[in-house]
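Participant: Protein chains in written order, with our numbering: chain A, 1 to 113; chain B, 114 to 227.
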């Protein structure tokens, strides 16, 4: 499975865009990039995923480089509720049609008032 | 909204006890997963199930078993709890639709084995 590298922590001012980078240089052609976040004492929450093209939903935007070796999650207007650990995941195949999410250490995002 | 619920938020058990952790999802998902989360180690997959009565081992199945008798319910069993099984246990579920799906997680059960 492809590995991911993320900075351990980042700060962002409330109301500003938070840009969270992720390196996945060994990603293979059919592997998706997923982003989850985990707010303290809660289960992980799905944010967004993509293969090649940039994606946007109501929570965030995902920018994937053309060579797919890195990506950036963008929270356009960070709020205090966005303080969480953000995980960038490249999904691996388990067999029987199932896929494993391998969570690394993630980036702890602190949104500052 | 997708809802994944777990039977307990906090649980304290003694060494050697048999422990049942239950997970229920209400979205008719085919896939269900059990993970454990420990500081510095991230989430690790224990077992997963892609259909009723079907199960597959994940990365760390030793000391655990699972049961899936109904589509909506996936149980994790610690046959004889040990202190090294003190952890946060997270259940997740997803559709079986190939590549493009997401896993939905429950709130977690923090298990302490004394």
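We treat Cβ as the ideally placed atom computed from N, Cα and C, and that holds for glycine.
1) On the DSSP letters alone, give me the boundaries of the beta strand (DSSP E) that residue 157 of chain B sits inside.
2) Would you list the one or two residues that DSSP bridges to residue 18 of chain A?
3) Taking just the CA atoms, how far does residue 134 of chain B sit from residue 54 of chain A?
4) Can you tell me which of the three DSSP states residue 155 of chain A falls into?
5) Measure the alpha-carbon distance for residue 166 of chain B versus residue 187 of chain B and round it to whole angstroms.
6) Do we get a CB-CB distance below 8 Å when we pair residue 4 of chain A with the residues of chain B?
7) Say whether chain B places a C-beta atom closer than 8 Å to the C-beta of residue 46 of chain A.
8) Quick one, which of A:13, A:3, A:8 and A:9 has its alpha-carbon nearest residue 113 of chain A's?
9) From the beta carbon of residue 198 of chain B, is the nearest beta carbon of chain A less than 8 Å away?
10) Consider the Cβ of residue 160 of chain B: report whether some Cβ of chain A lies at a distance smaller than 8 Å.
11) For residue 215 of chain B, I'd like the list of residues in its chain whose CB is within less than 8 Å of its CB, leaving aside the five on either flank, ordered along the chain.
12) Closer than 7 Å by C-beta to residue 220 of chain B: which residues in its own chain qualify, once you throw out the five before and the five after it? Chain order, please.
13) Count Cβ pairs between the segment 21 to 38 of chain A and the segment 65 to 79 of chain A that sit closer than 8 Å; are there 3 or more?
14) Does DSSP put residue 198 of chain B in a helix, a strand or coil?
15) Which one of B:151, B:218 and B:197 has the shortest CA to CA distance from residue 127 of chain B?
16) Using CA atoms only, rank isn't needed, just tell me which of B:175, B:177, B:189 and B:173 is closest to residue 205 of chain B.
17) If you run the structure through DSSP and keep just helix, strand and coil, what is residue 217 of chain B?
18) How about residue 203 of chain B: is its C-beta nearer than 8 Å to some C-beta of chain A?
19) Using a Cβ cut-off of 7 Å, pull out every chain B residue sitting near residue 73 of chain A, in sequence order please.
Facilitator: Once the coordinates are examined:
1) 155 to 164 is the span of the beta strand (DSSP E), which, as asked, contains residue 157 of chain B.
2) DSSP lists A:75 as partners of residue 18 of chain A.
3) For the pair residue 54 of chain A and residue 134 of chain B, the Cα-to-Cα distance works out to about 39 Å.
4) Outside the modelled stretch of chain A, which goes from 1 to 113, sits residue 155 of chain A, for which no answer is possible.
5) Between residue 166 of chain B and residue 187 of chain B, the C-alpha separation is close to 10 Å.
6) With 8 Å as the cut-off, residue 4 of chain A does not count as an interface residue toward chain B.
7) Answer yes: the Cβ-Cβ gap between residue 46 of chain A and chain B drops below 8 Å somewhere.
8) For residue 113 of chain A, the nearest C-alpha among the options comes from A:13.
9) Residue 198 of chain B does not count as touching chain A.
10) Chain A, which has no Cβ nearer than 8 Å to the Cβ of residue 160 of chain B, makes this no.
11) Same-chain partners within the cutoff: 207.
12) Cβ within range, chain order: 119 and 122.
13) Cβ pair count under 8 Å is three or more, so yes.
14) If DSSP states are grouped into helix, strand and coil, residue 198 of chain B belongs with the helices.
15) It is B:197 whose Cα lies nearest to the Cα of residue 127 of chain B.
16) With distances taken between Cα atoms, residue 205 of chain B lies closest to B:189.
17) The answer is strand: DSSP assigns residue 217 of chain B an E or B state.
18) With 8 Å as the cut-off, residue 203 of chain B counts as an interface residue toward chain A.
19) Per Cβ cutoff of 7 Å: no residues; residue 73 of chain A is ~14 Å from chain B at best.
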